[in-house]
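Student:
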Amino acid sequence: DQQVKQNSPSLSVQEGRISILNCDYTNSMFDYFLWYKKYPAEGPTFLISISSIKDKNEDGRFTVFLNKSAKHLSLHIVPSQPGDSAVYFCAASATSGTYKYIFGTGTRLKVLA
Amino acid sequence: DAGVIQSPRHEVTEMGQEVTLRCKPISGHDYLFWYRQTMMRGLELLIYFNNNVPIDDSGMPEDRFSAKMPNASFSTLKIQPSEPRDSAVYFCASSFTPGELFFGEGSRLTVL
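Listed in order, the protein sequences are those of chains A and B. Here the first sequence is numbered in my numbering, starting from 2 and rising by one per residue. Here the second sequence is numbered in my numbering, starting from 2 and rising by one per residue.
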């Protein structure tokens, strides 16, 4: 049972354009969400997070949007750069209970120069 | 700080052999997580510890898998006996309550 789903395994975007990566979750107890970026042969690195008390969080070129009613979050990268080409994972946890982070299957982003 | 350190980076072994993966978390972090990355399931949580105590091991696939954290600076994930379907990249991560996870570079396991 996949509680966190990333339904697009891959995405290609032209340099300078917007990249939108999507993530859906099923557990209504999830209240803290994170995005990670992973380059080949490296561990995932933290990108941005959002708590359920917010619907948007912005950090430079990266913005995460949370739609609690739809149980959906998205990561926007504007403008996209070739160095953004990586696998992106979303993760969710229910901080009121445990700090068990559940990850999605990842979306491979390719930014074309 | 040195970050999360995992060893070995690569391990090739034969079916039936024992495999031990090691992790040194970031000093001061009180949570430690073991994940396995596969194409089909992405990053799959195997087990996590809080203050060296296992909290949830429901992701451990079989009794062949075991994990320990004898002290705050060391953890092991053991597979005995190993099988070809255990081939994956195993990640260790640590965090300070609550917050982002810091991952190691992973241990790529190949079981022939």
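From the three backbone atoms N, C-alpha and C, an ideal C-beta is built for every residue, glycine too. Computed from a prediction, not measured in an experiment: that's the story for all the values here.
Can you give me, in chain order, the residues of the stretch 49-81 of chain B that have a beta carbon less than 8 Å from any beta carbon in chain A?
Tutor: Residues passing the 8 Å Cβ filter: Y49, N51, I56 and D57.
Student: Below 8 Å, can you find three or more Cβ-Cβ pairs linking the stretch 17-36 of chain B to the stretch 89-99 of chain B?
Tutor: Yes, the stretch 17-36 of chain B is in contact with the stretch 89-99 of chain B.
Student: Helix, strand or coil for G105(A)? Go by DSSP, reduced to three states.
Tutor: The answer is coil: DSSP assigns G105(A) none of H, G, I, E or B.
Student: Are A95(A) and F34(A) close, meaning C-beta to C-beta below 7 Å?
Tutor: Result no, Cβ atoms of A95(A) and F34(A) do not sit closer than 7 Å.
Student: Are S20(A) and S86(A) closer than 7 Å when you measure CB to CB?
Tutor: No, the pair does not count as a contact, with Cβ atoms beyond the cut-off.
Student: Using 8 Å as the threshold, is the stretch 74-81 of chain B in touch with the stretch 4-21 of chain B, meaning 3 or more CB pairs across them?
Tutor: A contact exists between the stretch 74-81 of chain B and the stretch 4-21 of chain B.
Student: Would you say F104(B) faces chain A, with C-beta separation under 7 Å as the test?
Tutor: Yes - at least one Cβ of chain A is within 7 Å of the one on F104(B).
Student: Would Y91(B) pass as an interface residue toward chain A - the criterion being a Cβ-Cβ separation below 7 Å?
Tutor: No, its Cβ sits nowhere closer than 7 Å to a Cβ of chain A.
Student: Are the CB atoms of V112(B) and S83(B) nearer to each other than 7 Å?
Tutor: Yes, Cβ-Cβ distance for V112(B) and S83(B) is below 7 Å.
Student: Is the Cβ of L44(B) closer than 7 Å to any Cβ of chain A?
Tutor: Output row for L44(B): interface = yes.
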